[in-house]
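Notes follow once the structure below has been shown.
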Amino acid sequence: MLLSGNYHMASCMTAILSVSLLQEWYDGILMSVLKERQETYRTGVLTDGMVRLLDTERGFEAFFSLIITSYSLPFISTGPLQFIQQMLSMLYSIWGLSQFLYERVDLEGHHSRDATE
Numbered sequence: 047m048l049l050s051g052n053y054h055m056a057s058c059m060t061a062i063l064s065v066s067l068l069q070e071w072y073d074g075i076l077m078s079v080l081k082e083r084q085e086t087y088r089t090g091v092l093t094d095g096m097v098r099l100l101d102t103e104r105g106f107e108a109f110f111s112l113i114i115t116s117y118s119l120p121f122i123s124t125g126p127l128q129f130i131q132q133m134l135s136m137l138y139s140i141w142g143l144s145q146f147l148y149e150r151v152d153l154e155g156h157h158s159r160d161a162t163e
C-alpha cells in the first residue's frame with residue numbers, strides 16, 4: 047500500500063494491527079506468548095493462551111484486513127506482483143476467518159445444542 051502511495055489504507059491497516067496488539071496486551075496474551083508457545087510444543091496441544099491469540103488474529107484482524115484489502119485492491123495494484131500479493135493477503139484472511147467461524151459457529155454451536163437437548 048505504501049508503494050502505491052495509498053497512505054490512508056496503510057494507516058487503516060496499521061490501526062487494525064495496533065488495536066489487535068493492544069487488545070492482546072490488555073488481555074495479557076502478549077506477556078505470556080513465549081511461555082504458551084513452549085507449553086504448546088511440549089504437550090502438542092494448543093494452550094488456552096494460544097487459542098485466545100489465534101482467535102484475536104483470525105476473528106478480528108483477519109476480518110478487518112480483508113475488508114481493507116478488498117476495497118483497496120483496484121487502487122493499489124500497480125502491477126502483477128502487487129496484484130498477486132494482495133490476492134494472497136486476501137486468501138490468507140479468508141482462510142483465517144473461515145477457520146475462526148468454523149470453530150466458533152459450527153463446532154461450539156454443535157456442542158451447545160447437544161448440551162441443551
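Our numbering numbers the first residue of the sequence shown as 47 and each following residue consecutively.
Glycine is no exception: its CB is placed at the ideal position from the N, C-alpha and C atoms.
| Check | Outcome |
| --- | --- |
| For M77, is the classification buried or exposed, using 16 other Cβ atoms within 10 angstroms of its Cβ as the cut-off for buried? | exposed |
| Within 10 angstroms of the Cβ of E70, are there 16 or more other Cβ atoms? Answer buried if so, exposed if not. | buried |
| May I have a chain-ordered list of the alpha helix (DSSP H) segments no shorter than 4 residues that lie completely inside the stretch 116-156? | 126-147 |
| Are L63 and R104 close, meaning C-beta to C-beta below 8 Å? | no |
| Considering only the beta carbon of each residue, do F146 and D101 sit closer than 8 Å? | yes |
| Look at the Cβ atom of M136, then the Cβ atom of S116, and state whether they are nearer than 8 Å. | yes |
| Just verifying my parser: in three-state terms, what is the DSSP assignment at D73? | coil |
| What is the residue span of the alpha helix (DSSP H) that V79 lies within? | V79 to T89 |
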